[in-house]
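Structure first, commentary second.
Numbering (the UniProt record's numbering), first residue to last: 1 to 699.
Now the structure itself:
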């Protein structure tokens with residue numbers, strides 16, 4: 001029976017099969033000169049032609065160089081054979097390599113032979129023909145095997161001199177620029193722009209070295225015939241040693257195309273796949289300069305497309321559709337440039353640091369509308385440098401920092417060069433009463449010594465996170481004022497004694513998109529006394545100035561998130577049918593939709609009112625309004641997302657749709673920055689105070 005993925009050998013790739021059979025008969029146990037010997041060509045694969053060898057006793061796969069003139073450094077089948085041999089010996093899932101032939105007299109070019117592995121190969125990234133659950137499991141299996149590859153110990157493998165180690169990204173940009181220009185059939189300016197951008201924005205840390213595949217895609221994997229696991233990784237032509245993040249970005253790249261794989265296709269989100277990969281490798285789950293690696297991946301793909309088209313022009317392309325690849329180079333480069341410049345464009349358009357009135361010129365009321373829009377997309381705040389907890393930390397430094405502190409920390413934060421975290425909540429006390437905290441601050445001559453444990457330190461997992469604002473209880477202050485005993489201090493995360501212990505999960509899921517939440521131990525950490533913010537004992541004073549705008553931003557993003565959930569709810573209600581009617585035609589669902597609209601608009605108006613109060617009265621005088629929206633917004637977004645989940649049914653709590661992740665985020669709002677119950681008590685206290693003042697005025 002013929003393999004459905006093979007065709008008769010194409011004219012330009014025909015070779016002397018009699019010579020091949022004679023050669024293999026003397027070197028391979030399953031090949032004889034007297035047996036049937038069939039050669040067919042795999043239809044996939046655009047670089048090194050690949051063939052299925054069939055004999056009565058066994059099947060094999062042969063990879064060879066294409067005939068004719070080749071680009072220098074390309075089509076190195078000897079490297080493929082070498083790395084597969086090392087990987088097979090290490091127990092990594094690859095087909096067993098059997099022999100390598102450098103004698104071009106046999107079939108006209110160098111080639112190697114490997115075992116034929118039975119399984120499923122998907123050319124379509126949507127993995128047609130499998131259930132939604134299996135589709136997700138197959139993608140998880142793929143990213144797990146990639147993490148396994150990057151965790152291999154190169155020192156134990158016979159790959160000495162296989163790659164050039166550190167500096168991988170710069171070499172990749174240089175190599176693919178040369179390859180593209182050598183194969184170019186016309187000038188494409190956007191490719192030159194993308195190449196220039198990549199060279200100007202190389203990762204600051206390009207020293208990590210692992211074995212990288214170089215072309216890790218779903219269609220280069222063989223999955224088990226019936227199980228959701230990878231049994232073989234194929235096509236090692238581009239493998240080398242270098243930065244593993246490039247492999248991960250290349251695998252994730254289709255998710256970032258304009259017509260991207262989306263949650264509708266029941267494929268795990270890039271954030272989920274990144275989280276799984278990082279968990280398998282036991283590394284922080286926030287990836288530094290992901291846009292660079294994505295842009296590099298697209299640039300490489302555009303270069304590959306150009307090379308395929310060049311081989312078409314020379315007449316030695318491996319696939320019949322090679323002529324179409326020339327049309328894809330420019331669109332690919334344009335996508336890469338858009339990914340690369342997403343932060344640059346935000347800056348150039350003036351959409352940067354919009355949360356800070358002194359920088360943007362916007363009022364809190366102005367920014368509230370922007371916060372709502374960014375709430376509709378999980379990563380939008382990051383694009384505009386308006387992400388928590390950096391916004392609050394930048395506000396603290398702007399309002400209370402010394403000139404030296406602003407120069408060292410505020411300016412890099414405003415420019416997006418670094419990130420920060422905020423450390424307040426503690427695991428051993430009831431942190432809803434912030435005066436309970438036990439992390440101590442002790443003056444020691446011209447230093448402060450910090451000792452204690454913190455958790456839910458948001459943003460600490462981001463590789464760009466360089467500094468923490470830590471709230472401590474000052475041991476040197478002797479006062480009965482419970483709110484005058486605490487201080488905030490700047491602690492660089494590379495200070496001896498700062499130990500980032502572990503990432504925390506939210507409803508069991510890694511909330512990595514914002515840098516995660518971490519437990520951090522401060523073990524007698526010494527920092528200069530000049531790192532204190534505003535002065536000892538003034539921590540709560542700073543907190544009130546920090547939390548007012550921050551809570552406003554959270555609440556308006558919650559409104560945006562609720563709007564997105566309502567959109568998803570209505571789409572589902574309009575397309576699904578039960579008991580002979582569309583879901584929205586059932587009165588209960590129609591009322592749910594109406595209730596959601598009422599709740600969203602009520603919360604929006606109340607939050608905009610609070611923003612106006614913050615602008616005109618200041619943080620202290622707007623405390624009641626801020627407390628009110630903090631309670632109302634959290635309750636509202638939980639209710640709206642929960643209603644959408646109910647309409648989606650089982651799909652709503654799955655990873656196939658964003659609602660479960662949205663609910664996890666929404667539910668934390670009722671705890672973060674103070675639980676609802678504390679805010680309710682504050683509202684009651686402030687309301688009674690206002691009512692008593694009114695009553696006295698009447699008297």
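Idealized CB from N, CA, C, for every residue including glycine.
Proximity to residue i [Cα-Cα], best of the options
i: residue 703; options: 427, 385 and 423; result: Any property of residue 703 remains undetermined from this structure, which presents the chain solely from 1 to 699.
i: residue 428; options: 132, 452 and 661; result: 452
i: residue 444; options: 500, 525 and 143; result: 525
i: residue 529; options: 458, 173, 365 and 448; result: 448
i: residue 56; options: 39, 371 and 67; result: 39
i: residue 51; options: 34, 86, 19 and 14; result: 14
i: residue 560; options: 542, 518, 605 and 586; result: 605
i: residue 85; options: 546, 553, 304 and 236; result: 236
i: residue 254; options: 139, 169 and 242; result: 139
i: residue 95; options: 89, 479, 115 and 109; result: 115
i: residue 628; options: 643, 593, 609 and 644; result: 609
i: residue 558; options: 536, 585 and 636; result: 636
i: residue 409; options: 350, 492 and 461; result: 492
i: residue 682; options: 669, 588, 631 and 233; result: 631
i: residue 331; options: 151, 347 and 301; result: 301
i: residue 148; options: 390, 481 and 90; result: 90
i: residue 204; options: 170, 230 and 219; result: 170
i: residue 157; options: 124, 211, 395 and 361; result: 211
i: residue 124; options: 201, 220 and 133; result: 220
CA-to-CA distance, residue j to residue i, given in whole angstroms
i: residue 121; j: residue 228; result: 12 Å
i: residue 53; j: residue 24; result: 11 Å
i: residue 659; j: residue 648; result: 9 Å
i: residue 680; j: residue 495; result: 39 Å
i: residue 398; j: residue 406; result: 7 Å
i: residue 433; j: residue 297; result: 49 Å
i: residue 36; j: residue 26; result: 16 Å
i: residue 621; j: residue 613; result: 8 Å
i: residue 225; j: residue 93; result: 15 Å
i: residue 582; j: residue 576; result: 6 Å
i: residue 400; j: residue 684; result: 30 Å
i: residue 165; j: residue 242; result: 5 Å
i: residue 33; j: residue 288; result: 57 Å
i: residue 305; j: residue 126; result: 21 Å
i: residue 650; j: residue 137; result: 17 Å
i: residue 618; j: residue 543; result: 14 Å
i: residue 607; j: residue 599; result: 12 Å
i: residue 81; j: residue 179; result: 23 Å
i: residue 663; j: residue 597; result: 18 Å
i: residue 261; j: residue 267; result: Unreliable placement is indicated for residue 261, whose pLDDT of 41 sits below 50; the coordinate value is still reported in the next sentence. Approximately 7 Å, taken between the alpha carbons.
As assigned by DSSP and simplified to three states, the class of residue i
i: residue 448; result: strand
i: residue 242; result: strand
i: residue 95; result: coil
i: residue 23; result: helix
i: residue 586; result: coil
i: residue 188; result: coil
i: residue 254; result: helix
i: residue 578; result: strand
i: residue 13; result: helix
i: residue 661; result: helix
Beta-carbon proximity check, residue i vs residue j, cutoff 7 Å
i: residue 488; j: residue 548; result: no
i: residue 673; j: residue 551; result: yes
i: residue 192; j: residue 167; result: no
i: residue 65; j: residue 77; result: yes
i: residue 387; j: residue 611; result: no
i: residue 517; j: residue 458; result: yes
i: residue 112; j: residue 181; result: no
i: residue 194; j: residue 307; result: no
i: residue 666; j: residue 555; result: no
i: residue 772; j: residue 473; result: Nothing about residue 772 can be reported from this structure: the residues present for the chain run from 1 to 699 only.
i: residue 454; j: residue 421; result: no
i: residue 640; j: residue 562; result: yes
i: residue 546; j: residue 678; result: no
Cutoff 7 Å: residue i Cβ touching any chain B Cβ
i: residue 563; result: Annotation note: the requested chain B is absent from the structure, which comprises a single protein chain.
Identity of the residues DSSP links to residue i by a beta bridge
i: residue 53; result: 39 and 60
i: residue 200; result: Bridge partners of residue 200: none, in fact.
i: residue 233; result: 221
i: residue 528; result: 447
i: residue 509; result: 506
Contact test: residue i Cβ vs the ligand GDP heavy atom, cutoff 6 Å
i: residue 94; result: Ligands in the displayed structure: none, and consequently the ligand GDP is not present.
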